[in-house]
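I have placed the structure first, in the form of structure tokens, so that the comments after it can refer back to it.
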Amino acid sequence: MAKPDVTARAEVSARSLNPTVQERLDELKLLCRAVCVGGESDAGTEAEMATAVALRELRSGVQLWKERSLHCTLEALDSAGTPSMESHIQAMEHHEKAARDLLELLLAFLQRTWRELHRHVDVFAGDLAHLFHEILMSKLDEQRSTYNEVVRVLEGDKQRLDSTCQELQSSNEALAARLEAIEAAPEGGGDALLCNKLRMRVHHLSIRQRELSTELERMSQERLKHRREMATTQTQLAASQKALVLTRAMQDKETKQLAALVQLSHSQVAQVLDASRSLSSASQPQQSVARFDPLSGRTIVHESATMSPLKPLSSPTSTSVRLATAAVGRLCHQSTELQSQRSRRREGRFVV
Numbered sequence: 003m004a005k006p007d008v009t010a011r012a013e014v015s016a017r018s019l020n021p022t023v024q025e026r027l028d029e030l031k032l033l034c035r036a037v038c039v040g041g042e043s044d045a046g047t048e049a050e051m052a053t054a055v056a057l058r059e060l061r062s063g064v065q066l067w068k069e070r071s072l073h074c075t076l077e078a079l080d081s082a083g084t085p086s087m088e089s090h091i092q093a094m095e096h097h098e099k100a101a102r103d104l105l106e107l108l109l110a111f112l113q114r115t116w117r118e119l120h121r122h123v124d125v126f127a128g129d130l131a132h133l134f135h136e137i138l139m140s141k142l143d144e145q146r147s148t149y150n151e152v153v154r155v156l157e158g159d160k161q162r163l164d165s166t167c168q169e170l171q172s173s174n175e176a177l178a179a180r181l182e183a184i185e186a187a188p189e190g191g192g193d194a195l196l197c198n199k200l201r202m203r204v205h206h207l208s209i210r211q212r213e214l215s216t217e218l219e220r221m222s223q224e225r226l227k228h229r230r231e232m233a234t235t236q237t238q239l240a241a242s243q244k245a246l247v248l249t250r251a252m253q254d255k256e257t258k259q260l261a262a263l264v265q266l267s268h269s270q271v272a273q274v275l276d277a278s279r280s281l282s283s284a285s286q287p288q289q290s291v292a293r294f295d296p297l298s299g300r301t302i303v304h305e306s307a308t309m310s311p312l313k314p315l316s317s318p319t320s321t322s323v324r325l326a327t328a329a330v331g332r333l334c335h336q337s338t339e340l341q342s343q344r345s346r347r348r349e350g351r352f353v354v
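In my numbering, the protein residues as written are 3 to 354.
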């Protein structure tokens, strides 16, 4: 399976060779083919003729050995049954002699073939080396001429550039000297001084521009930082507002509950006082007591029952007083608990 690929690669490499090299390779192939099968070719060179003679001798020797072996074998078969020891010995000697002659002819043919092949290969190698040397030398000469031409052109360009650079340097030096002379002159250096001031101003402005660029970058970074802090503060403010709204709602609810509780307590105290007043008015005579109210500026008259110092208090009156006192105490206790709960809730909201 690999032979077609090898053959194809050989054909491609042969087509890519130099025509002269390909011609020499074809000649070497013909010579080797003539050495190997020279008896069948009609070539007239000395090597081919020697090869043809050797092949003819080899063929004649093989044919003679076959005939002798056949003759000896036939004689041995004809003389079977009779004393033919000498004929057998003679046949064996002829067979051995023919084998030796055949081996000598074969070795001589192989040695001659090897010598011819080596000679042709050596001649071809020398010729091919000389041919490659000529081809490479021609290529090298062509490349050398191209290189020399390129070097010559580059050297000319370099000389022109050097002369131009020297002219520019001399012009620059002349202009610098003229500028220094104009600046040093006391009568005509106004424009030169102005240009020098402008150059210094431009230099300072460029330095200031770099400083301002650095400051602007720093301020932009600080602006981003402040924006992040502002976003965080706004988030915290929104959370605090939500907590404040919730706290106010709870406070309003607790205030309403406390007001309802106080109103209920006041109604209970009023009911107790009314009950005690009705009981005392039914059992004791009324007595008018006048009192000046500094807030309203009026005189307020209260009616109270007169009690004898020797008569003890009745049980209904003392019972009503105790009930009123207990109601006021419960009211104070409940208001204190509500205030403590409200303060704890407020603290909890602010902590959250």
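All C-beta atoms in this analysis are idealised placements derived from N, C-alpha and C, irrespective of residue type, glycine included.
Remember, it's a predicted structure, so these values are computed and weren't measured experimentally.
query	result
Same chain, Cβ closer than 7 Å to T22, five either side skipped, listed in chain order	L133
Buried/exposed call for W67, threshold 16 Cβ in 10 Å	buried
Beta carbon of A100 nearer than 7 Å to that of R121	no
Pair within 7 Å by beta-carbon distance, L340 and L260	yes
Reduced DSSP secondary structure (H/G/I, E/B, other) of A233	helix
Cβ neighbour criterion (16 or more within 10 Å) applied to V264	exposed
F126 vs L30 beta-carbon contact at 7 Å	yes
Contact belief for E59 with L107 at Cβ below 8 Å, rounded distance in angstroms	6 Å
Chain B within 7 Å of N150, Cβ atoms only	Here chain B cannot be found, since the structure has a single protein chain.
Alpha-carbon to alpha-carbon, G63 and L104	6 Å
Where V274 falls, given that 16 or more other Cβ within 10 Å makes a residue buried	buried
C-alpha gap between E213 and Q238, whole angstroms	37 Å
Cβ-Cβ separation, D129 to R26 (assumed contact under 8 Å), whole Å	6 Å
Whole-angstrom distance between T234 and A245, CA atom to CA atom	17 Å
Coarse secondary structure for A186, derived from DSSP in three states	helix
D276 versus L248 - alpha carbon distance	41 Å
Pairwise C-alpha distance: S342 and Q236	31 Å
Alpha-carbon to alpha-carbon, V155 and L196	47 Å
Closest Cα partner of N198 within the set S172, I209, I184	I184
Alpha-carbon to alpha-carbon, R117 and F111	10 Å
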